[in-house]
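Encoded as structure tokens, the structure appears first; notes follow it.
Numbering (our numbering), first residue to last: 39 to 112.
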């Protein structure tokens, strides 16, 4: 496995983990900053979470997607 691909996947999974209930520290931060309830924030981020999850699956299945910019430069 390419180390750069692994780094991209680990970073993406950490980002998904930071917004995933029940312990999503970014959800707590957003609810405090915008004075919204926890459930309201979760409902609002759900479409973005689904897109990020699908993108992550595609990057795992097709490493060329994640490594496109690196291959373009080098």
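All C-beta atoms in this analysis are idealised placements derived from N, C-alpha and C, irrespective of residue type, glycine included.
Distance, residue j Cα to residue i Cα
i, j, result
"residue 103", "residue 95", "11 Å"
"residue 109", "residue 73", "44 Å"
"residue 58", "residue 112", "35 Å"
"residue 100", "residue 92", "12 Å"
Residue i classed as buried or exposed, judged by whether at least 16 other C-beta atoms fall within 10 angstroms
i, result
"residue 71", "exposed"
"residue 55", "exposed"
"residue 79", "buried"
Integer-rounded CB distance, given that residue j should sit under 8 Å from residue i
i, j, result
"residue 42", "residue 97", "Not quite, the Cβ-Cβ distance comes to about 12 Å (not below 8 Å), so this is no contact."
Please list the segments of the alpha helix (DSSP H) lying wholly inside the segment 54–109, counting only runs of 4 or more residues, in order along the chain.
Qualifying alpha helix (DSSP H) stretches, in chain order: 63–71, 76–99 and 101–104.
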